[in-house]
Each structure stands twice: as C-alpha cells, then as structure tokens.
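Student:
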Amino acid sequence: MRRGEILQYVPLAVLMAPAIHVIFSLFVGWHDYMPFPFYVPSVFELVTEPVHRFGNTGT
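Numbering (my numbering), first residue to last: -7 to 51.
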C-alpha cells in the first residue's frame, strides 16, 4: 500500500465500528453490538414511542 492509501484506510477502518453500531441500532434494533456512551433508539422506537422521548408521561 502507498502512504496515501494507508492514510485514507486507517481512519475509515476506525470509524466503521461506530457506523455499523448506529446502522444496526436504527434499523434492526440491535443495541448490543458495542458499548456506546449514549442510547441510539431504533426507527421503530422513534415511531411508536414519541411521548417517552420527551419525558411526557401523559398524566
């Protein structure tokens, strides 16, 4: 590999794990891929539970 390819490849390789985690969390609902400092809700959770996101209990 040339130096330019390495400088492009290494950051992309490091960023792929968090990107895969976000994709799996959003679209599959699988949150156990890697520990993340914040919770990434799935699209299903965003659509079905909008009240809980904002802390409104409805009472």
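C-beta atoms are modelled at their ideal positions from N, C-alpha and C, and glycine is treated no differently.
If we ignore side chains and look at the alpha-carbon of each, how far apart do V6 and I12 end up?
Tutor: In a straight line, the C-alpha of V6 is about 11 Å away from that of I12.
Student: Grab the span of the alpha helix (DSSP H) containing M8 for me, first residue to last.
Tutor: -5 to 19 is the extent of the alpha helix (DSSP H) around M8.
Student: Thinking C-beta only, is V20 closer than 7 Å to V32?
Tutor: No, Cβ-Cβ distance for V32 and V20 is not below 7 Å.
Student: Closest by CA to F36, which one among F28, P29, P27, W22?
Tutor: It is W22.
Student: To the nearest angstrom, report how far apart G(-4) and P10 are at their CA atoms.
Tutor: When rounded, the distance between both Cα atoms is 23 Å.
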